[in-house]
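Have a look at the structure below before the remarks.
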Amino acid sequence: MAKSEEKEAKPKGQGGDKADKADKGGKAKGKQESKGKQESKGKQESKGKDKKSKADAADTPARPVVPPRMRDKYRDKVVPAMTKKFGYTNPMQLPRVEKVVVNMGLGQAVANPKMIESAVDEVCDITGQKPVVARAKKAISNYKLRTGMPIGVFVTLRRERMWEFLDRLITVALPRVRDFKGVSPKGFDGRGNYTLGLREQIIFPEINYDKIDSTRGMNVSIVTSAKTDEEGRALLTELGMPFRS
Numbered sequence: 008m009a010k011s012e013e014k015e016a017k018p019k020g021q022g023g024d025k026a027d028k029a030d031k032g033g034k035a036k037g038k039q040e041s042k043g044k045q046e047s048k049g050k051q052e053s054k055g056k057d058k059k060s061k062a063d064a065a066d067t068p069a070r071p072v073v074p075p076r077m078r079d080k081y082r083d084k085v086v087p088a089m090t091k092k093f094g095y096t097n098p099m100q101l102p103r104v105e106k107v108v109v110n111m112g113l114g115q116a117v118a119n120p121k122m123i124e125s126a127v128d129e130v131c132d133i134t135g136q137k138p139v140v141a142r143a144k145k146a147i148s149n150y151k152l153r154t155g156m157p158i159g160v161f162v163t164l165r166r167e168r169m170w171e172f173l174d175r176l177i178t179v180a181l182p183r184v185r186d187f188k189g190v191s192p193k194g195f196d197g198r199g200n201y202t203l204g205l206r207e208q209i210i211f212p213e214i215n216y217d218k219i220d221s222t223r224g225m226n227v228s229i230v231t232s233a234k235t236d237e238e239g240r241a242l243l244t245e246l247g248m249p250f251r252s
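Printed below as a string of structure tokens:
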């Protein structure tokens, strides 16, 4: 009789274990479902917030984009004046400014590499665009220069930034040069492109004199589509470049 009771007890125990496992599995599934519901609710709420923020941004009026003043001057005044002076019959013949390259050479950076960082920040503040670091292509032992060492920074400006930089250069920066009597007309290369040398970067109002470690010069190259120096000079003169007489 005792053996039969033990045999009967075993299947009862096994059935009880299965029921316990089923209860645990049901609880786990319930927890997973509740977690899934909470996550889906959170995602829906976040999506709703994103939609609201986008809708609010769309409702707020956008700031008016002010076109570059120098570009408007080129279209309204320079084009008619150049057409009248040179007798252009096709609008494609009109010379225009294609790009402006600002280059700052740093020979002292060989001994003091930290000058490159400050030069990058200064050119970025002046032009509104991060410059590229120029590196040496050849090693020169007399100057302790190795291949790949940084020797300067430069930036190429086009479109709106080009026009804005030219506007600030002509109307703000050049008049702040000490004893300024005009720029030299000898900076043309024979193909209508003009290069201007500046001795100090502090003539630009974006540079804080108290925060710079030293004054540095730079070259500004204005690349035009003019075929001759005469056309290039006439173009820059109409834009307001104060050439020395």
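Sequential numbering from 8 applies to the sequence shown in our numbering. Glycine included, each C-beta is placed from N, C-alpha and C at the ideal position.
According to the DSSP assignment, Ala141 belongs to the beta strand (DSSP E) that extends over 139 to 142.
Nearest neighbour of Gly194 by Cα position, chosen from Thr154, Ile210, Arg251, Gly112, turns out to be Arg251. If you ignore the 5 residues before and after Arg165, its C-beta comes within less than 7 Å of the C-beta of Lys106, all in its own chain and listed in chain order. With a threshold of 16 other beta carbon atoms within 10 Å, Tyr216 falls short and is exposed. Gly159 counts as buried, since no fewer than 16 other beta carbons sit within 10 angstroms of its beta carbon. Leu242 is positioned such that its CB atom lies no closer than 8 Å to that of Met99.
Cβ atoms of Glu245 and Val104 stay farther apart than 8 Å, at about 11 Å.
If you check the CB distance, Ala180 and Phe211 come in under 8 Å.
For the set Gln208, Ser232, Asp236, Arg240, the Cα lying nearest the Cα of Val130 is the one of Gln208. A direct Cα-to-Cα measurement between Ala126 and Met225 gives close to 10 Å.
When secondary structure is reduced to three states using DSSP, Met248 falls in the coil class, being assigned neither helix nor strand. Partner residues in the beta bridge of Tyr201, as assigned by DSSP, are Phe195, Ile229. Secondary structure of Leu243 (DSSP, three-state): helix. In this structure, the beta-carbon distance from Val139 to Ile123 does not fall below 8 Å. Asn215 is bridged by DSSP to nothing; it lacks a bridge partner.
Counted as a single uninterrupted DSSP element, the alpha helix (DSSP H) harbouring Glu167 occupies residues 166 to 175. DSSP places Val86 within a helical segment (H, G or I) once states are collapsed to three. Using a Cβ distance threshold of 8 Å, Phe172 and Thr134 count as a contacting pair. Taken through DSSP and simplified to helix, strand or coil, Glu237 comes out as helix.
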